[in-house]
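Undergrad: I'd like to ask you about the structure that follows.
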Amino acid sequence: SGRVTFNERWARMLGLSLDEVAQDIGFWEERVHPEDLPRVRAQLEPHLRGETAHYACEHRLRHKDGRWVWVLDAGRVLERDAQGRPLRAAGIHLDITERKRAEHALLAEEARLERIIETMAEGLVTIDAEGRFTMANAAAAQILGQPRERIVGRRNVEVVPRRYDLDGAP
């Protein structure tokens, strides 16, 4: 039928009163960010067709004040008709805006640190417990005389020139 039951908490998450919320699927669809809607539909439709056991997607919903609220939208069809069409479903929308902000800040900080490491004049590498290089900056690649593609993933004994021991002594 397209009828949906939104509760007071869902309405408050978007800065609305329950009286301002139309109890139909179109009300939700109108609030999904236009850039997110194709992806949301691409993840929801296979579930509605019965191809997946549940549905989960992160997307943005428009708040009453115009800002975007990130939600984890998850649910599943509980009942289908004889032809397999959905009759009844249940789900949640969980506000994950703060988590998304933290993820964005972390990505920005990682990018900043990568730029610093890459522009260092000193060679910098990281090596895992098995002695394999996991990272090498441009200066390290130059010092070792090999492109990074030949360094990362290889053991230090395969990369460090044999004329030097690990302390750098000839």
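Start counting the sequence shown at -3; every next residue gets the next number (my numbering). Glycine residues also receive a C-beta, built at the ideal position from the N, C-alpha and C atoms.
Do Val148 and Gly127 come within 9 Å of each other at the CB atom, strictly closer than that value?
TA: Along the sequence shown, one-based indexing puts residue 127 at 131. Along the sequence shown, one-based indexing puts residue 148 at 152. Contact: no.
Undergrad: Taking the alpha helix (DSSP H) that Leu205 belongs to, which residues open and close that run?
TA: Absent from the structure is residue 205, since the part of the chain shown begins at -3 and ends at 166.
Undergrad: Nearest by alpha-carbon distance to Thr48: which of Arg56, Pro30, Ala38 is it?
TA: For the purposes of this step, residue 48 is taken as residue 52 along the sequence shown, with counting starting at 1. Among Arg56, Pro30, Ala38, the Cα nearest to that of Thr48 is on Ala38.
Undergrad: Does DSSP classify Pro30 as helix, strand or coil?
TA: As a working note, residue 30 is residue 34 in the sequence shown. Residue state, collapsed to three classes: coil.
Undergrad: Alpha carbon to alpha carbon, how far is Glu41 from Gly62? Give it in angstroms, no decimals.
TA: Counting from one through the sequence shown, the residue named residue 62 turns up at place 66. Counting from one through the sequence shown, the residue named residue 41 turns up at place 45. When rounded, the distance between both Cα atoms is 27 Å.
Undergrad: On the DSSP bridge list, what partners appear for Gly71?
TA: Indexing the sequence shown from 1 puts residue 71 at position 75. In the DSSP output, where bridge partners are listed per residue, Gly71 has Tyr51, Gly87.
Undergrad: Can you tell me whether Arg103 is buried or exposed? The criterion is at least 16 other CB atoms within 10 Å of its CB, across all chains shown.
TA: Locating residue 103 in the sequence shown gives position 107, counting from the first residue. Arg is not the amino acid found at residue 103; the sequence shown has Leu there. Result: exposed.
Undergrad: Among the residues of its own chain, which have a CB less than 7 Å from the CB of Leu83, if the five just before and after it don't count?
TA: Indexing the sequence shown from 1 puts residue 83 at position 87. Here the set comprises Glu75, Arg76, Asp77.
Undergrad: Can you find a CB in chain D that lies within less than 9 Å of the CB of Lys96?
TA: Any reference to chain D falls outside this structure, which holds one protein chain only.
Undergrad: Between the stretch 56 to 71 and the stretch 79 to 98, can you find at least three pairs of beta-carbon atoms closer than 8 Å?
TA: The answer is yes - the stretch 56 to 71 touches the stretch 79 to 98, with three or more Cβ pairs under 8 Å.
Undergrad: Quick check on DSSP: helix, strand or coil for Arg56?
TA: To locate residue 56, count along the sequence shown from 1; it is residue 60. Reduced to three states, the DSSP call for Arg56 is strand.
Undergrad: So, for Val0: in the same chain, excluding its five sequence neighbours on each side, which residues have a beta-carbon less than 8 Å away from its beta-carbon?
TA: Position 4 of the sequence shown, counted from the start, is the residue given in the question as residue 0. Here the set comprises Gln19, Asp20, Ile21, Phe23, Trp24.
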